[in-house]
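Student: The structure under discussion is supplied below as structure tokens; questions concerning it will follow.
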Amino acid sequence: MPAKLRKSRTDKMLAGVCGGFAEYLGWDATLVRIIFALILVSSFGTAVLAYFILAIVMPD
């Protein structure tokens, strides 16, 4: 059965979105957060909006 994308309850800093992506992909959460930070800088803040939308849409 494939893993489901959901917010992390154990590995979270704000809402658990990056931790949830890390669990889903099988990666380290720090790596996902660094990638998100790079996307945040290069997208001029659009990633913040995407993060908050994912925080609302992704199940717990």
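Mapping of the sequence shown onto the UniProt record's numbering: position 31 corresponds to residue 31, and the numbering continues sequentially without gaps.
From the three backbone atoms N, C-alpha and C, an ideal C-beta is built for every residue, glycine too.
So, at 8 angstroms on beta carbons, what are the nonlocal neighbours of D28 in its own chain, with the 5 sequence-adjacent residues on each side left out?
Tutor: Translated into the one-based positions of the sequence shown, residue 28 becomes position 28. Cβ within range, chain order: A22.
Student: Given this structure, state the Cα-to-Cα distance separating residue 111 from A47, to the nearest angstrom.
Tutor: Beyond the ends of the chain as shown, which are 1 and 60, falls residue 111; an answer cannot be given.
Student: How is the alpha helix (DSSP H) around R33 delimited, first residue to last?
Tutor: In the sequence shown, counting from the first residue as 1, residue 33 sits at position 33. A29 to S42 is the span of the alpha helix (DSSP H), which, as asked, contains R33.
Student: Can you look up G45 in the DSSP assignment and give me helix, strand or coil?
Tutor: For the purposes of this step, residue 45 is identified with residue 45 of the sequence shown, where counting begins at 1. Looking at G45 - three-state DSSP - the assignment turns out to be coil, as it is neither helix nor strand.
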